[in-house]
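Shown next, in structure tokens, is the structure this report addresses.
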Amino acid sequence: ARTEPHPDVDSAAARRAYELDRKHVFHSWSAQDLLDPMVISAAEGSYVWDGEGTRYLDFSSQLVNTNIGHQHPAVVAAIAAQAAKLCTIAPSYANEARSEAARLIAERTPGELNKIFFTNGGADANEHAVRMARLHTGRKKVLSAYRSYHGGTHLAVNITGDPRRWASDTASTGTVHFFPPYLYRTAFHSTTEAEESQRALEHLEQLIVFEGAATIAALILETIPGSAGIYVPPAGYLQGVRELCTKYGIMFIADEVMAGFGRTGKWFAVEHFDVVPDLLTFAKGVNSGYVPLGGVAISPEIAATFGTKPYPGGLTYSGHPLATAAAVATINTMEREGVVDHAAFLGNDIIGPALADFAIRHKSVGEVRGKGVFWAIELVKDRETREPLAPYGASSPEMNQLIAACKSRGLIPFANFNRIHVVPPCNISVEELKAGLAILDEVLDIADGFAA
Ligand code: PLP
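This is the structure in structure tokens:
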């Protein structure tokens, strides 16, 4: 990788960008006056450069979407070639890039999920998946897990299981939340993963019965919940969810927006658990985030509902040529470069063992969990009581200090509440990965100073 300085960094332009940002840009999920955004002026592979030319290893993959890193030449070239040929076309036409992207995605999704509805990102993919489930079943309610994230639009934020995200209109969308398995902070007083899985399924079935199965259109679940904490479901849980959905005629929507496209060491995380959902939503890694794109992979039964009667929904940019050309190039690059197998190898041979070692050596580490290049380190003040280093739904001075310590050592972390996630690009080199883990090891020494 290139070292500093990067030729594309112009410090004067970066300072002006900062000033204009503070004056005119309204940012997501933020108190506008409390923000101090870092200017990123250039990026390459697993690195980004700030406006002063300092290089950082991006252990966040931005928002866990640059699955093949920044500025991959094959994808940049494909976008440029598509731009030169045809930048945009309405969704009602057919187009080479869109058709080929749909084929490549359908061939990789599990089972018979062979029809692809394209959206602009993950939230609208989930909105449309729920709409399809409602129209297909004639039912209205949606079941969704606590400790989940499904997006920032009206319905998507309401099905999200995190009160911090809820806008003032919560509960207007027929959503009912349930507890998914999480042995470390169990809601069910379980002592083993098997017990946790079984009790979480019993809880879910009771909820279905008491809500009235005939009122429930869909159950939406991140296959491995991501930004809420990377909770790998225990053996049998997802199969159990699949069986309950089938038993009660509920459409199972697997949200693979963050876990999909190689992140967990498989094309889709559902493959680890051998389940096929009725609808699967994706975004982010589908084209490494280079152009906004998401979508829904649809079962033949649900697609057939809209065979002769129209599907009431659409987006001007559904299947946008630049976005789908980027998806074609990304998927082909991942195949050519063996990125999915590389991600599995990194999880099994490098990240998993390194984090297990952190959990032994650092008293601030409560639990580590994950798969592929999708891992969380949960930090605690006290291993006995499991008191988190930041309360659920909030930051803390200690966590802010750890984030700053990562940045001052040249690493951009993905941190949320009391967790630091290890989510670098899926094609990060072993050398870069080890360098980043060594920085985290140092930062955990600081965290140990906060722990009993
Ligand atoms: N679903 C999951 C699991 C996500 O992680 C996200 C974004 O982080 C979304 C949905 C929303 O996607 P978008 O921000 O593209 O709308």
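Residues 12 to 463 in the UniProt record's numbering are what the sequence shown lists, from first letter to last.
Every residue gets a Cβ at the ideal spot worked out from N, C-alpha and C, and that includes glycine.
Leaving out five residues before and five after residue i in sequence, what residues of the same chain have Cβ atoms less than 7 Å from its Cβ?
| i | result |
| --- | --- |
| residue 424 | 70, 71, 414, 417 and 431 |
| residue 139 | 128, 130, 307 and 324 |
| residue 93 | 108, 332, 333 and 336 |
| residue 348 | 438 |
| residue 296 | 76, 78, 271, 272, 273 and 274 |
| residue 167 | 134, 137, 138 and 161 |
Does DSSP classify residue i as helix, strand or coil?
| i | result |
| --- | --- |
| residue 160 | coil |
| residue 81 | strand |
| residue 359 | helix |
| residue 55 | strand |
| residue 423 | strand |
| residue 225 | helix |
| residue 403 | coil |
| residue 389 | strand |
| residue 67 | strand |
| residue 123 | coil |
| residue 100 | coil |
| residue 38 | coil |
| residue 348 | helix |
| residue 285 | coil |
| residue 189 | strand |
| residue 380 | strand |
| residue 342 | helix |
| residue 230 | strand |
| residue 49 | coil |
| residue 265 | strand |
Cβ of residue i within 8 Å of any heavy atom in the ligand NAP?
| i | result |
| --- | --- |
| residue 238 | In the structure on display, the ligand NAP does not appear, and the ligands it does have are the ligand PLP. |
Taking the beta carbon of residue i as the centre, do at least 16 other beta carbons fall within 10 Å, making it buried, or is it exposed?
| i | result |
| --- | --- |
| residue 177 | exposed |
| residue 280 | buried |
| residue 66 | buried |
| residue 331 | buried |
| residue 49 | exposed |
| residue 173 | buried |
| residue 106 | buried |
| residue 360 | exposed |
| residue 352 | exposed |
| residue 88 | exposed |
| residue 245 | buried |
| residue 236 | buried |
| residue 320 | exposed |
| residue 41 | exposed |
| residue 396 | exposed |
| residue 19 | exposed |
| residue 256 | buried |
| residue 441 | exposed |
For my contact list, residue i and residue j are in at a C-beta cut-off of 8 Å; report their separation, rounded to the angstrom.
| i | j | result |
| --- | --- | --- |
| residue 344 | residue 51 | The Cβ separation is near 22 Å, so there is no contact. |
| residue 405 | residue 428 | 7 Å |
| residue 158 | residue 240 | 6 Å |
| residue 379 | residue 367 | 7 Å |
| residue 420 | residue 371 | No, residue 420 and residue 371 are not in contact; Cβ-Cβ is about 22 Å, not under 8 Å. |
| residue 17 | residue 64 | 6 Å |
| residue 268 | residue 300 | 11 Å between Cβ atoms; not a contact. |
| residue 152 | residue 222 | 6 Å |
| residue 326 | residue 102 | 7 Å |
| residue 382 | residue 247 | No, residue 382 and residue 247 are not in contact; Cβ-Cβ is about 17 Å, not under 8 Å. |
Within a Cβ cutoff of 6 Å, which residues of the same chain sit near residue i, ignoring the five residues on either side of it in sequence?
| i | result |
| --- | --- |
| residue 433 | 362 and 386 |
| residue 224 | 259 |
Near residue i, what residues of its chain come up, given a Cβ to Cβ distance below 8 Å and the 5 sequence neighbours on each side ignored?
| i | result |
| --- | --- |
| residue 124 | 117, 287, 288, 290, 291, 308, 309 and 310 |
| residue 399 | 377, 389, 390, 391, 392, 428 and 429 |
| residue 285 | 250 |
Strictly under 9 Å for the Cβ-Cβ distance: is residue i near chain B by that measure?
| i | result |
| --- | --- |
| residue 385 | This model lacks chain B altogether; it includes just one protein chain. |
Q) Looking at C-beta atoms only, is the number of pairs between the stretch 282 to 300 and the stretch 137 to 153 that lie closer than 8 Å three or more? A) yes
Q. Taking contact to mean at least 3 C-beta pairs separated by less than 8 Å, is the stretch 227 to 235 in contact with the stretch 143 to 163?
A. yes
Q: Spell out a yes or no on whether the stretch 185 to 197 and the stretch 205 to 225 are touching, meaning 3 or more CB-CB pairs, one atom from each, closer than 8 Å.
A: yes
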